[in-house]
Amino acid sequence: MVSAGLLRSRPVDPIPSDDRLRKRHRFRVEVGTLIVGVVAAQALLLVVLGFWGAQRLLHDAGRAGHQSEHTRLQTEVKAFMEEATTAVRTLAVSPGQGSSARAEQRSAELIWALLAESPVLDNLYFAHHDGSLVGMQRHPAPLLRRIHREGAGLREVLEHKPQLERHDLRPAQRFATSHVETHPTRFDVHEMPWFTEATSSMQTHWTAVHALPLSGDLGITFSAPDALEDAQGRLDGVAAGDISLRHLEAVVETFSHAGAGESAIVTADRLVLARSDDHGAIRTLARPPAGDILEAALAADAAQGREGALLPFRGQDFLVRASDIPGTPWKLVSWVPEDALTSGLRRSLAQAGALLLLCLAVALLLSLWLSRRVTGPIEVLAGVARRIGRLDLAGLPGVDSPVEEIHRLDEALGDSARSLRALRKFVPADVVGELVRQGRTLEPSGEHVDLTVMFTDVQGFTGIAAEVPPQRLVPQLTEYFSAAAEVLVRHGGTIDKYIGDGMMVLWGVPRPEPDAAYRATLAALELQEVLEARNAEWAAQGLPQLHTRIGLHCGPAVAGVLGSAERLSFTAYGDTVNVASRIEAMNKELGTRILASDAVAAALHGRIALRPHGPVELRGRPGTWTLHEVVGPIDPQADAGRDRRQDRPTAAY
C-alpha cells in the first residue's frame, strides 16, 4: 500500500540553473560531510568509551563475582562454626550439671544428643572444678568418657556406644553400651588450656591447634564456662567441643567445587589450618612456603586492604580477598583467576564490539540519506516513546511523515498511549512510574523499610450500600475516592489499594518521604475537612453522608513487588500494616475519627494536638496499647483556636 503522504501533489520546480545546482550540490556535500564527521566522531568516541567501559565492566564483574563467592563461603564457614559453638553453649547453660551419678547420667544423655545433632564436632564434654569429666567422642569410635577422682588419683571409664549416625535404632538402643573399659588416667582438666582459659576469663575461648585426644587428629577446641557457681563460690564447670581440621578442609573445598577458585583458613600468625588446593588432613601447622599463591595472596591483602586485590602471579591475574571469621581469631582467604570469571563476558563483549562497529559503518552510509527524512520525525516519536515510558500521556504530539514505517510507528505509539490511558485507571500509575524511575526490576522482590501506614473505612457503608441504588451510590463513591486521592497524593501518600469502601495508603515507599508520619497526619486532617464539605453538598442533593474513620501507624515493614508471573502488585506487609488496620477499627469502639499509635505520636514531636485513649486492646494483638485521637495542628499564634479544636466532641459516631 502506498502512503497517502507519497501521493500528495507537489509543485514542479523549474529546471535549476548551473549556479543553483552547484550551490545546492555544495550545500548537500557540506551537510553530508558535517553529518559524516559528527557520526564518525561519535563512532570513535563510542569505540573508545566502549573499550574503556568494557575493561571496567570486566574488572568490576570479576570482582563482584569473586566477592559473591567469597561471601557465600564466609557464610558457610560462619554457619559451620556457629553450629559447633551452639552445641557447646547449650551444654554450658543446661541445668542439672553435677558430679552425682544421676546428674552425670543426665549430662551424658544430653551430650550424646547434642553430639548426634552436631556432626561438625568430634568430641563434646563437660568438666567440673573437682576434675571430673563426662563427654562423648565420635572418632575413631563412639565412646562415652567419664573421669572420676578416686583419692589422689583419677580413674577413666570408657563406655563403647553404637555409631551416632545409625538412625535405624531407637534412641535407647543407640545409647546402649556394648562394653566398658576402666583404667587409671593422668588426664587432668586443670592442665587443659580450654579449661584454664575459660575459668580464668569467664568467657568463651578458642584454643590453639592441638592434637585431639584418642584420635590424634589436629583440631581446635571451643570452651564455654558454666554461668553458675557451686556452694564454695567457684565456677561449676566448663563445656567444650573439639573440631578436627579435616572438617575445616571439607568446608573450604566447597569453594573450589562450586567455581574455579581456591580458599584457605589461616591463623593470625599465617599458619594454615585448611586449604582447598591441598587435599588431605593437615598433620603439622606451617606457613605457606615462599612463592606459593597463598603466601602471595596474604601479602597482597596486607598491602591493599580487605576490599580485594588484583594479584599478578606467574603470568596470570588473580582476584584475592580476605576477611576475618567472626568469633574466631582466624582469617578466610580466597583467590580465583580473573579470566575464569570473565572469559564468557569477554567473548560476549568482543562480539558486541564487532557488531557495534558494523552497525556504525552502516549508519555512516545511511545517515546522509535518512537524516533529513527520518531524524526529525524519529526524534519526535522518541520523545513520545519516552513520555509513554514515564506514563506521561497528556498532549502527546503526532507526526505526518512520508515514510510508511514512521507513519505506522506513530499509529502504534498512539494505540499504546490510548491503551495505557485506559489501563492506568486500573493500576497505580504513579507507583509504576516511580519504580521505573528508580530503575527497579518489575518482578517479585521485597526489602525492609520504615514507613507510615494509613487505613481508612467509611462508617456504616454496608447499610448505605443496601439502601442506596447503585446508579446513585457509584458516582458518589467515585467522587469520594477522587477527593480523597487528591488530598493523599498531594501530601506524599501512595495509595496501595482500595479495599471496598476503604483505602490502604503508604508514606515512605516506593520513594523515601521525609517526616512521613507528620505528612500522613496532616493528610488525615485535611481529608476529614474536605469530606465535611462534600458531605454538606451530598446532604443538599439527598445523598447519604460518608464519614471516614482513619488509623495511622508507623514502623518497619517489608515493601516490594508481590504477585504471580502474570500479575504483580507493589504493596507492603508486616506487623506495622496489621497494627494500622487494627487501629482504624478501634475508631468504632472509641467514637473517634482519626487514631494514631504511640509511634506516630512520637514522630509528630508535638506539632499536632492529640488526645490519648487507653490503655486499649487491639484485636489479635497481645498486651494493651495507648492510642491518640488526632485533634488538629498546633498553631502557636492561635491558642484559642487550638483549644476549641481540642474540645470538639468526639462521640458523634
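Under this note's numbering, the first residue of the sequence shown is numbered 1125, with each subsequent residue one higher.
For each residue, glycine too, the CB sits at the ideal point set by N, CA and C.
For arginine 1279, the closest alpha carbon among the candidates Leu1182, Leu1257, Leu1422 is that of Leu1257.
Residue pairing by DSSP puts phenylalanine 1579 in a beta bridge opposite Met1628, Gly1675. According to DSSP, residue pairing for serine 1347 in a beta bridge involves His1329, Ala1364.
Between threonine 1452 and leucine 1742, the alpha-carbon positions lie close to 46 Å from each other. In the DSSP assignment, serine 1458 falls outside any alpha helix (DSSP H) and lies within the beta strand (DSSP E) extending over 1455-1461. DSSP places glutamine 1261 inside the beta strand (DSSP E), whose first and last residues are 1257-1261. In the DSSP assignment, threonine 1586 falls within the unbroken alpha helix (DSSP H) covering 1585-1591. In this structure, the straight-line span from the alpha carbon of glutamate 1650 to that of valine 1508 is close to 37 Å. Every alpha helix (DSSP H) stretch that sits fully inside the region 1696-1766 and reaches 4 residues is listed by chain position as 1699-1714, 1722-1728. About 15 Å separates the beta carbons of leucine 1238 and leucine 1267, which is beyond the 8 Å limit, so they are not a contact pair. Residue pairing from DSSP places proline 1436 in a beta bridge opposite Asp1441. When DSSP states are grouped into helix, strand and coil, isoleucine 1271 belongs to the strand group. DSSP places glutamate 1610 in the uninterrupted alpha helix (DSSP H) bounded by 1594-1614.
Around the beta carbon of glutamine 1475, fewer than 16 other beta carbons sit within 10 angstroms, so the residue counts as exposed. Taking 9 Å as the cut-off, the beta carbon of alanine 1446 is found closer than this to the beta carbon of valine 1457. When secondary structure is reduced to three states using DSSP, glycine 1477 falls in the helix class. If the five residues before and after lysine 1202 are omitted, its C-beta is found closer than 7 Å to the C-beta atoms of Ile1449, Pro1450, all from its own chain and listed in chain order. Within the same chain, Cβ atoms closer than 8 Å to the Cβ of glycine 1538 are found at Leu1520, Gly1522, the five residues on either side in sequence being excluded. With 16 or more neighbouring CB atoms inside 10 Å of its own CB, threonine 1345 falls in the buried class. CA-to-CA, the gap between leucine 1480 and valine 1172 works out to about 12 Å. By the criterion of a C-beta distance shorter than 8 Å, arginine 1706 is surrounded in its chain by Gly1675, Leu1742, Arg1743, Gly1744, Arg1745, once the five residues flanking it on both sides are discounted. Partner residues in the beta bridge of isoleucine 1623, as assigned by DSSP, are Gly1626. Distance from the Cα of threonine 1618 is smallest, within the candidate group Ala1590, Leu1234, Trp1631, for Trp1631. Below 8 Å, enough C-beta pairs join the region 1637-1652 and the region 1571-1585 to call them touching: three or more. In this structure arginine 1370 does not touch arginine 1394 by the C-beta definition: roughly 21 Å separates them, more than the 8 Å allowed.
Going by DSSP, leucine 1646 is part of the alpha helix (DSSP H) stretching over 1640-1664. For alanine 1398, the enclosing beta strand (DSSP E) covers residues 1396-1399. Serine 1525: not part of any beta strand (DSSP E); DSSP gives it neither H nor E.
Ranked by how close their Cα comes to the Cα of arginine 1731, the residues Leu1646, Leu1484, Ala1683 have Leu1646 in first place. Here valine 1582 is actually not in contact with valine 1611; their C-beta atoms are around 15 Å apart, not less than 8 Å. Here tryptophan 1454 is buried. Its C-beta has 16 or more other C-beta atoms within 10 Å. Taking the Cα positions, serine 1472 is about 21 Å away from valine 1460.
Here valine 1740 is not near glutamate 1708, since their CB atoms are 9 Å or more apart. Beyond the five residues adjoining it in sequence on each side, arginine 1273 comes within less than 7 Å, by CB distance, of Asp1254, Gly1255, Ser1256 in the same chain, given in chain order. The closest CA to that of leucine 1282, considering only Thr1323, Pro1337, Ser1400, His1307, is found on His1307. DSSP, read as helix, strand or coil, puts proline 1501 in helix.
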